[in-house]
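In the working numbering, the protein residues as written are 1 to 195. Only one structure is covered here, and it is reproduced in the block below.
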C-alpha cells in the first residue's frame with residue numbers, strides 16, 4: 001500500500017505541478033472529479049479540480065486549478081478507502097494509508113530514490129528530488145506555449161519568479177520556432193523535413 005501511495009503521489013506531482021508540501025497536506029475534501037466534454041475530440045476528459053488551501057501553500061495564498069488525471073486519484077481512493085476506520089472523507093489526507101497522517105518526507109524520499117534506481121537514472125552530481133516533478137511540469141507548460149502569467153496562476157507563484165527561474169527556455173522556444181519544418185538528422189545537422 002505504501003508503494004501504491006507514493007506512485008499515486010508522484011503521478012499527481014508531475015501532472016499537477018504542486019509543491020511537495022502542498023501535495024502531502026492535500027485532503028480528499030480539496031479534490032473533486034469533474035468531466036469536461038471536448039467537442040474537438042468528441043469525448044469526455046477526466047479532470048481533477050484541486051483547491052490548495054492558503055495554510056498549506058508556501059506563499060500562503062489559496063488557489064484552484066484543474067488538471068488531467070487519467071483516473072490516478074479515483075483508483076488510489078478505491079484502494080486506500082479499504083484501510084479507513086470510517087467511510088467519511090472529511091479531514092482525511094489523500095496520500096495517507098489511514099487518512100490521518102500525511103506521508104513523511106523520509107518515506108517519499110526513500111521511494112523516490114528507489115524509483116530513480118529502478119529507472120536506471122544516474123543521480124551522481126545531480127540534484128534530482130521530488131520537487132523536480134514541479135520543474136518538469138512548469139518546463140512542459142512553458143515549452144507548450146503558455147505564458148508566464150498562466151503558468152504562475154496554475155502553480156501558485158508569481159510570473160516574475162517563473163520568468164526568472166525558466167528564462168533559459170526562451171532561447172529553446174526561439175530555436176524551436178526558427179527551426180519549424182526542420183529536424184536534426186543522425187549527424188546532428190539541421191535538415192528540411194521532407195514533405
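Glycine is no exception: its CB is placed at the ideal position from the N, C-alpha and C atoms.
- Counting along the chain, residue 183 sits inside the beta strand (DSSP E) bounded by residues 182–184.
- Here residue 183 is exposed. Its C-beta has fewer than 16 other C-beta atoms within 10 Å.
- Residue 66 and residue 50 have their C-alpha atoms some 6 angstroms from each other.
- Assignment of residue 34 by DSSP, reduced to helix, strand and coil, places it in the strand class.
- The Cβ atoms of residue 34 and residue 47 lie closer than 9 angstroms to each other.
- Considered as a whole, the segment 4–51 harbours 31–38 as its complete beta strand (DSSP E) runs of no fewer than 3 residues, in chain order.
- The alpha-carbon of residue 185 is positioned some 35 angstroms away from that of residue 12.
- Rounded to whole angstroms, the separation of the alpha carbons of residue 44 and residue 37 is 4 angstroms.
- Short of 8 angstroms from the beta carbon of residue 102, and not among the five residues preceding or following it, lie these beta carbons of its own chain, in chain order: 24, 25, 93, 95 and 96.
- The Cβ atoms of residue 139 and residue 167 lie no closer than 9 angstroms to each other.
- Taking C-alpha positions only, residue 5 is separated from residue 76 by approximately 7 angstroms.
- Assignment of residue 68 by DSSP, reduced to helix, strand and coil, places it in the strand class.
- Counting along the chain, no alpha helix (DSSP H) covers residue 190; the unbroken beta strand (DSSP E) around it starts and ends at 190–192.
- In the DSSP assignment, residue 1 falls outside any alpha helix (DSSP H), carrying neither H nor E.
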